[in-house]
Each structure stands twice: as structure tokens, then as C-alpha cells.
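Residue numbers (our numbering), protein chains in the order written: chain A, 3 to 349; chain B, 3 to 349. Glycine included, every Cβ here is placed at the ideal spot set by N, Cα and C. These figures come from a predicted structure and were not determined experimentally.
Rendered as C-alpha cells:
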């Protein structure tokens with residue numbers, strides 16, 4: 003099928019670029035001597051995770067038990083959930099999953115650790131737990147003293163295995179804390195097997211944190227205008243494009259596309275909601291739910307109603323999450339239609 | 003089933019409040035002598051549209067042909083698409099839909115009108131077309147002179163029926179243009195059967211635009227913090243709540259919920275991404291994809307890990323669109339699980 007046979011708005015993935023992105027990140031991690039664990043939040047598609055594993059990734063990361071179940075069902079067995087899994091039903095399903103898969107999970111509080119222990123005990127299995135060390139972004143995570151206590155609690159628990167540290171994001175600023183934790187746990191006779199870092203920047207700043215043993219990155223697989231604005235990717239590395247149609251030309255200086263915030267998501271960078279490949283001077287200055295409002299005053303040629311354009315989105319992870327399917331294309335041929343299998347899940 | 007049996011994050015709809023919202027808006031439109039056409043973008047669920055029709059609505063509005071197909075399949079026959087439908091495949095499906103349903107569509111350009119005419123002719127049917135009059139928001143829409151020409155073009159077309167004007171939003175600022183169009187078309191011997199207004203504010207400002215014959219409103223059915231901030235609804239009128247779990251308490255002043263931008267959407271009003279019913283002083287100051295970062299420094303009691311809270315979202319229409327299903331609850335009992343049937347569609 004040709005891309006012209008698709009309706010708009012549709013999400014296209016340039017397979018050649020995606021394959022190059024997968025290879026490039028794996029090569030970088032290999033060169034750094036780091037295990038690589040792609041985060042599937044960006045694509046939520048088992049077939050793409052398998053390509054990442056075939057390229058050399060040691061396993062995947064995902065953010066929910068339900069997502070892990072989708073990927074485990076597809077035959078992926080090494081799954082990390084760098085998230086506090088709270089509540090008896092969720093921990094029970096996590097324990098189920100850990101029965102046949104190498105599952106690890108993070109925790110930042112004794113209550114959360116106890117919940118994991120109860121679920122593991124009920125299933126008579128061992129759950130691998132990473133302790134979440136607080137970083138500068140002040141999201142989840144415990145401070146150093148608490149991390150030490152949590153590691154000891156996990157280490158002493160018959161049904162839990164202390165798998166190491168989880169940090170997000172991982173860069174130089176967290177190094178003193180990581181070093182202190184490793185040193186103090188060493189003194190307590192507890193080894194830190196894994197230091198799992200995360201964030202796109204982690205792959206560029208890994209030399210600042212040599213204690214890292216693995217990194218989790220998601221966005222690199224498609225890239226987006228956020229990646230470009232941070233200098234982590236070029237426009238040529240961006241594999242995702244939203245194919246949209248010009249549905250209105252209300253004035254010489256404006257056009258309206260059929261891709262609003264329910265298609266492109268609400269994110270904005272450098273004062274635009276996306277980069278239009280065919281009209282680089284155009285600026286998507288506003289989104290309604292189903293319309294993109296575009297300033298074309300700086301464009302030489304001006305688009306006409308019915309014309310199709312390609313938009314590189316600002317944040318690819320939240321775009322995938324809006325769509326039921328995305329299309330893998332090579333040139334102008336559609337090679338594969340993927341269901342976004344793990345989107346919209348609750349667990 | 004009890005709401006405690008659901009996992010989090012889940013989207014709950016308080017049925018009592020939703021029913022009251024449906025009645026209140028219909029009563030207001032009846033009192034104003036306006037036909038009411040709820041916009042289904044807010045819920046995307048045929049069962050809810052049927053409740054709106056049973057309350058007295060004359061039909062529905064939706065934004066895509068694919069959405070119209072879902073609602074037509076559910077037996078809803080009067081459907082307006084206040085959107086420029088562009089491209090031969092889409093107009094062909096629109097014509098198919100118009101064969102057995104009372105379908106109207108808007109247009110703001112001769113090219114768009116010609117596309118509709120071609121599709122109607124190919125199916126030997128008549129398509130009802132509203133001309134989209136440009137308003138202050140500068141989205142789609144033609145200026146007055148162009149509206150006159152478009153109306154004439156439609157009126158002269160054997161396969162199109164000039165159904166009237168579409169304006170969004172509808173308030174006093176557009177009245178001079180509406181009056182001029184009606185007057186000039188009257189002089190040309192063309193009647194303006196419908197003046198279809200839209201936007202939540204339309205129901206409060208309808209007296210400023212007495213030429214209106216119908217209005218399209220979506221958000222009123224659930225309401226949200228945007229509605230509250232505009233004074234169009236009270237907290238008590240908000241029927242949608244996201245049930246979330248406290249998954250981390252990294253400091254005395256912060257908590258983290260399991261509902262990020264992939265659950266609550268990215269919208270923000272009054273410096274928060276949602277209102278937490280149990281902790282009114284809490285402020286959701288930031289969202290990651292799967293985490294809400296909440297400032298609880300102003301709260302008297304502080305939540306504990308594992309506790310569930312109820313979040314009224316900022317913009318309900320984009321929240322529904324993120325979820326595969328939502329739950330209708332009465333008190334703490336789950337009365338119905340609805341599939342969000344028309345979400346994520348392309349056409």
C-alpha cells in the first residue's frame with residue numbers, strides 16, 4: 003500500500019530512520035560498556051521492542067504492570083518496571099509475571115517494599131527490587147540514608163532480591179549520592195549489582211557517572227523536536243511524522259491542518275507544536291482538539307487546501323499514546339501496520 | 003462492583019451529576035428557544051449521546067466522518083460535522099453516511115464545497131452544507147463576502163443543500179457579520195434555515211446573538227476545572243473524576259500520584275493540572291507521563307502511600323480521548339463500563 007492510500011491524520015514511522023536510531027544507540031551503549039534497556043513508553047509495540055532486543059538490548063523497561071504483561075505475552079522475558087507498584091492487586095499481578103519472567107521493579111518506601119514482599123511470599127517467588135534514589139528532578143525516590151535502610155530491608159527479606167539502584171535522570175549531579183550508597187552498602191556487606199540510569203541525556207552523560215551499569219532510554223527510537231532542541235538528534239534522525247491534510251486556508255498567512263491536540267498532543271518547543279517538513283518556515287502556533295493553526299507568513303510557497311504535509315511532533319511518546327495504530331513506511335510504501343498494543347491500559 | 007475493585011488510574015463518571023448536567027443544559031436551551039445539538043467530542047460514547055437525545059437534543063455534532071459512523075451505527079441519525087471534510091475518500095464516506103442519515107457538514111472554501119458536490123453527485127444524493135463564518139478566534143471560516151458567494155454556490159448546486167451558517171464560538175462579537183450575511187442572502191432570495199453556534203459560552207451568551215437557532219456544546223456533560231474557572235459550572239457539577247493512587251511520598255511537602263500526562267492530559271488552569279477533591283489545598287504542579295507531582299505543603303492532613311484520591315481534570319474532552327474505557331458510578335457502585343468507542347479514529 004502507498005502512503006497516499008492512508009487517510010489523515012496518520013502516524014508514519016520511517017523504518018530506515020528507526021532502524022538507524024536503534025543501531026546507533028545500541029552501538030553507543032556497547033562502546034560505553036553499558037547494558038541497554040530500551041523504555042517501551044515511546045512505542046508501546048512488541049514488534050519494535052523485539053528489534054531493539056535483536057540489536058543487543060538486554061531487556062526492556064515499561065511503566066505499568068499491564069504494559070509488562072503485553073510484552074511478556076509477546077515473548078519478552080527481561081522486564082524492568084522502574085515504578086512504585088502499589089496496591090495488592092497490582093503486586094499480585096507483578097508476582098504472577100515474575101514467575102516466568104525476569105522482572106525487576108523499583109521502590110522508594112518501606113510500605114512499598116512490604117507490599118512487594120507480601121505478594122512475592124503469597125506466590126512463593128522472589129521479586130527483584132531496585133531502590134529508587136532521589137535525584138534533582140524531585141519526582142519519586144528516597145534520599146541516601148533511606149536508600150541504605152531500604153536496601154537492607156530488601157536484602158534481609160526472604161522473598162525479595164536487592165537488585166541495585168534506579169536513578170532518573172542519571173547524570174553527574176547524582177554521582178556523589180550513588181558513590182555514597184555503594185560505599186555504605188559495601189561496608190554493610192551488600193553488593194550493588196545494577197545501577198540503572200535513565201533519560202535520553204543518560205546516553206550522552208554516561209561518562210559523568212561511571213558507576214552506571216545500564217541505561218533506559220525511550221525517545222531515541224523515533225526522536226522528536228524535543229530531541230532535536232536538546233541536540234540529541236538531528237531532523238534527519240526523526241522517524242515519526244504525522245501525515246496531515248490542509249483543510250482550510252482562511253487567510254494568506256494562515257493554514258489549518260486536520261491534526262490538533264488529540265493527534266499531536268499539546269507539547270510545544272521553540273514556540274511551535276511541530277515541525278512541518280515541507281514548509282520549514284511554518285509555525286504551528288496553536289492547537290484545537292482537531293485543528294492545527296499554522297502561521298505560514300514566512301513561507302515562500304504557500305500550501306493549498308487538500309495538500310498533505312508531514313509534521314515531526316514535539317514529543318513522540320505522548321503522540322503514540324493517542325493513536326490506535328501507527329504505520330511503518332519505507333519510502334512511500336507502507337510496510338507494516340502496528341497496533342499500539344500497550345496504550346490506554348490501567349494496571 | 004464497587005469502585006474499590008477498580009485499579010488506578012481509572013476515569014469515573016458520577017452518573018447523578020452527569021444526568022443533572024444533561025437536564026440543566028437541555029432546560030436552558032428549551033428556555034432560550036434554541037435547538038440543542040450536543041458535541042460528542044467530550045465523551046465519544048453512543049450510550050451517553052442517547053441520553054442527551056432522550057433529554058431533548060435534536061441530534062449530535064462530531065468532528066470526523068469516522069466518529070459520525072460510530073454514532074450512526076448506534077442508531078443516531080441526525081449528525082452534524084462542523085468541519086471541512088477534505089479528500090475524495092472522506093467525502094465518499096460522508097456521502098454514504100448521508101444516504102440513510104440526516105447529515106450536515108460545514109465548508110469555508112469553494113474547493114471544499116466542490117469536493118462535497120462531487121461526492122454527493124457520485125452517490126446521487128443531497129448533502130446539507132453549512133457555511134463556516136470566520137469569528138474572532140481565527141480558526142477556520144470565511145469572511146462575509148466569501149460566505150455570500152459560498153452560500154450561492156451551494157444553493158445553485160444540484161447535489162448540495164444550503165443549510166445555513168456555522169459559527170464557533172458564538173457570541174455578540176459575531177452578530178454584525180451574521181446579520182449582514184442573513185440580510186444579503188435574503189436579498190438574493192436565499193433563506194438561512196439554521197444558524198448553528200458553538201462553545202460552552204454559547205449557552206450563556208445566546209441572548210447576545212438572537213439569530214442563533216441551535217447550539218453545539220460538549221464539555222457541559224462532564225464539566226471540568228476549565229468550566230469551573232470560567233464560571234460555567236461549580237465543583238459540584240463536575241461529573242468526571244480520575245481515581246488515582248498515591249505511589250510515593252518523597253518528602254513531607256510532596257506526593258506523587260499514578261496519573262500523569264498520559265492519564266490527565268497536559269492541560270493546566272490556575273497553576274494546577276487538576277483539583278484533588280480530598281485535598282483541596284493540594285496543587286498538581288507538574289506531570290510526567292505516568293506521574294503527577296503534587297505540592298501538599300498547604301494541606302492539613304497529608305495523604306499516605308496507597309491512599310486513593312479523586313482528581314477533577316482540567317479539560318475533560320482530552321482526558322476521555324486517552325482512555326479505552328470509562329466507568330459510570332452511582333455513589334461508590336459501578337453501574338456501567340463504557341468503551342470510548344469513537345476515540346483514536348483517523349477518518
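Problem set entry | Proximal residues of chain C, C-beta to C-beta of residue 346/B below 7 angstroms | Of the chains in the structure shown, none is chain C; the protein chains are A and B.
For this session: Examine chain A for any beta-carbon lying closer than 8 angstroms to the beta-carbon of residue 42/B, and answer yes or no.
Result: Position 40 of the second chain, counted from the first residue, corresponds to residue 42/B. False, the Cβ-Cβ gap to chain A never drops below 8 angstroms.
Problem set entry | CB of residue 350/A within 8 angstroms of CB of residue 176/A, strictly | Because chain A in this structure spans residues 3 to 349, residue 350/A falls outside the shown range and cannot be described.
Problem set entry | Within chain B, partners of residue 106/A - CB distance below 8 angstroms | Counting from one through the first chain, the residue named residue 106/A turns up at place 104. Chain-ordered listing is empty here: chain B has no CB closer than 8 angstroms to the CB of residue 106/A, the nearest sitting near 17 angstroms.
Exercise. Can you pull the DSSP bridge partners for residue 84/A?
Worked result: Position 82 of the first chain, counted from the start, is the residue given in the question as residue 84/A. None; residue 84/A has no bridge partner.
For this session: State whether the segment 66-81 of chain A contacts the segment 11-29 of chain B, with contact taken as three or more CB pairs (one from each stretch) at a distance under 8 angstroms.
Result: Short answer: they don't touch.
For this session: Classify residue 79/B as helix, strand or coil using the three-state DSSP reduction.
Result: Working through the second chain from its first residue, we reach residue 79/B at position 77. Note: residue 79/B maps to coil in three-state DSSP.
Problem set entry | Residues of its chain near residue 61/B, where Cβ-Cβ distance is below 8 angstroms and the 5 sequence neighbours each way are ignored | Residue numbering aside, residue 61/B sits at position 59 when the second chain is read from its first letter. Within the same chain, residue 61/B has close Cβ partners 39, 55, 78, 79, 80, 81, 82 and 104.
For this session: Find the nearest neighbour of residue 120/B within the set 84/B, 134/B, 162/B and 146/B, judged by alpha-carbon distance.
Result: One-based indexing of the second chain puts residue 120/B at position 118. Of 84/B, 134/B, 162/B and 146/B, the residue nearest in Cα terms is 162/B.
Problem set entry | Beta carbon of residue 166/A nearer than 8 angstroms to that of residue 146/A | Locating residue 166/A in the first chain gives position 164, counting from the first residue. Locating residue 146/A in the first chain gives position 144, counting from the first residue. No, these two residues do not count as a Cβ contact at 8 angstroms.
Problem set entry | Simplified DSSP assignment, three categories, for residue 119/A | As a working mapping, residue 119/A is identified with position 117 in the first chain. Here residue 119/A sits in helix by DSSP.
Exercise. For the segment 245-259 of chain A, which residues have a CB atom closer than 9 angstroms to at least one CB atom of chain B, in sequence order?
Worked result: 247, 248, 249, 250, 251, 252, 253, 256 and 258
Problem set entry | Within chain B, the residues that residue 11/A reaches when beta carbons sit closer than 9 angstroms | Here the question's residue 11/A lines up with position 9 in the first chain. Here the neighbours are 348.
Exercise. So, is the C-beta of residue 304/A closer than 8 angstroms to a C-beta in chain B?
Worked result: Counting from 1 along the first chain, the entry for residue 304/A is found at position 302. Judged by the 8 angstroms Cβ criterion, residue 304/A is not in contact with chain B.
Problem set entry | Distance between beta carbons of residue 218/A and residue 84/A, contact taken as under 8 angstroms | By 1-based counting over the first chain, the position of residue 84/A is 82. By 1-based counting over the first chain, the position of residue 218/A is 216. With 8 angstroms as the limit, residue 84/A and residue 218/A qualify as a contact, their Cβ atoms being about 7 angstroms apart.
Problem set entry | Residue-level contact to chain B via CB, residue 120/A, 8 angstroms cutoff | Working through the first chain from its first residue, we reach residue 120/A at position 118. No, residue 120/A lies away from the interface with chain B (no Cβ there is under 8 angstroms from its Cβ).
Problem set entry | Reduced DSSP category for residue 202/B - H, G, I as helix; E, B as strand; rest coil | Indexing the second chain from 1 puts residue 202/B at position 200. Three-state DSSP puts residue 202/B in a helix.
For this session: Return the chain-ordered ranges of every alpha helix (DSSP H) run that is complete within the segment 154-213 of chain B and spans a minimum of 4 residues.
Result: Fully contained in the segment 154-213 of chain B are the following alpha helix (DSSP H) runs of length 4 or more, in chain order: 177-189.
Exercise. If you compare alpha carbons, which of 259/A, 318/A and 243/A is closest to residue 249/A?
Worked result: Position 247 of the first chain, counted from the first residue, corresponds to residue 249/A. Of the listed residues, the one whose Cα sits closest to residue 249/A is 259/A.
For this session: With 8 angstroms as the threshold, decide whether the Cβ of residue 320/A is near any Cβ in chain B.
Result: As a first step, residue 320/A must be located in the first chain, where it is residue number 318. Interface with chain B (8 angstroms Cβ-Cβ cutoff): residue 320/A is included.
Exercise. So residue 329/B is in the alpha helix (DSSP H); what residue range does that whole segment cover?
Worked result: As a working note, residue 329/B is residue 327 in the second chain. Here residue 329/B belongs to no alpha helix (DSSP H); instead the beta strand (DSSP E) covers 327-332.
Exercise. Interface residues of chain B around residue 264/A at Cβ under 7 angstroms?
Worked result: Reading the first chain from its first residue, position 262 is the one you call residue 264/A. Those within 7 angstroms of residue 264/A in chain B are 320 and 323.
Exercise. Looking at the structure shown, is residue 263/A part of a helix, part of a strand, or coil, going by DSSP?
Worked result: Stepping through the first chain from its first residue, residue 263/A is reached at position 261. Looking at residue 263/A - three-state DSSP - the assignment turns out to be helix.
Exercise. Skipping 5 residues on each side, what residues in its chain have a beta carbon closer than 8 angstroms to that of residue 331/B?
Worked result: Here the question's residue 331/B lines up with position 329 in the second chain. Within the same chain, residue 331/B has close Cβ partners 5, 14, 15, 16, 17 and 337.
Exercise. Is there a Cβ from chain B that is less than 8 angstroms from the Cβ of residue 294/A?
Worked result: On the first chain, position 292 is the one that residue 294/A refers to. No, residue 294/A does not count as interfacial toward chain B.
Exercise. If we call anything under 8 angstroms between Cβ atoms a contact, is residue 321/A one with residue 266/A?
Worked result: Position 319 of the first chain, counted from the first residue, corresponds to residue 321/A. Position 264 of the first chain, counted from the first residue, corresponds to residue 266/A. Less than 8 angstroms separates the beta-carbon of residue 321/A from that of residue 266/A.
Problem set entry | CB contact check: residue 269/A to chain B, cutoff 8 angstroms | Position 267 of the first chain holds residue 269/A. Answer yes: the Cβ-Cβ gap between residue 269/A and chain B drops below 8 angstroms somewhere.
Problem set entry | Inter-residue Cα distance where the pair is residue 1/A and residue 87/A | Outside the modelled stretch of chain A, which goes from 3 to 349, sits residue 1/A, for which no answer is possible.
Exercise. Going along chain A, which residues have a C-beta under 9 angstroms from residue 176/B?
Worked result: On the second chain, position 174 is the one that residue 176/B refers to. Residues of chain A passing the Cβ test: none, with the nearest at roughly 15 angstroms.
Exercise. Which residue or residues does DSSP assign as beta-bridge partners of residue 308/A?
Worked result: Sequence index remark: in the first chain, residue 308/A carries index 306 (1-based). BP columns for residue 308/A are empty, so no partner.
Exercise. Which word fits residue 306/A, buried or exposed, when buried means at least 16 other C-beta atoms lie within 10 angstroms of its C-beta?
Worked result: Taking the first residue of the first chain as 1, we reach residue 306/A at position 304. Residue burial annotation: residue 306/A is exposed, with fewer than 16 other C-beta atoms found within 10 angstroms of its C-beta.
Exercise. Going by the CB atoms, is the gap between residue 46/B and residue 344/B shorter than 8 angstroms?
Worked result: As a position in the second chain, residue 344/B is number 342, starting the count at 1. As a position in the second chain, residue 46/B is number 44, starting the count at 1. Residue 344/B places its beta carbon less than 8 angstroms from that of residue 46/B.
Problem set entry | Members of the segment 86-111 of chain B that neighbour chain A once the beta carbon cut-off is set at 7 angstroms | Listed by position, the residues of the segment 86-111 of chain B near chain A (Cβ gap below 7 angstroms) are 86, 88, 89, 91, 92, 110 and 111.
Exercise. Would you say residue 334/B reaches chain A, if we count a Cβ-Cβ gap shorter than 8 angstroms as a contact?
Worked result: In the second chain, counting from the first residue as 1, residue 334/B sits at position 332. Judged by the 8 angstroms Cβ criterion, residue 334/B is not in contact with chain A.
Problem set entry | Three-way DSSP call (helix, strand, coil) for residue 18/B in this model | One-based indexing of the second chain puts residue 18/B at position 16. Three-state result, residue 18/B: helix.
Exercise. Going along chain A, which residues have a C-beta under 9 angstroms from residue 290/B?
Worked result: As a position in the second chain, residue 290/B is number 288, starting the count at 1. The contacting residues are 139 and 141.
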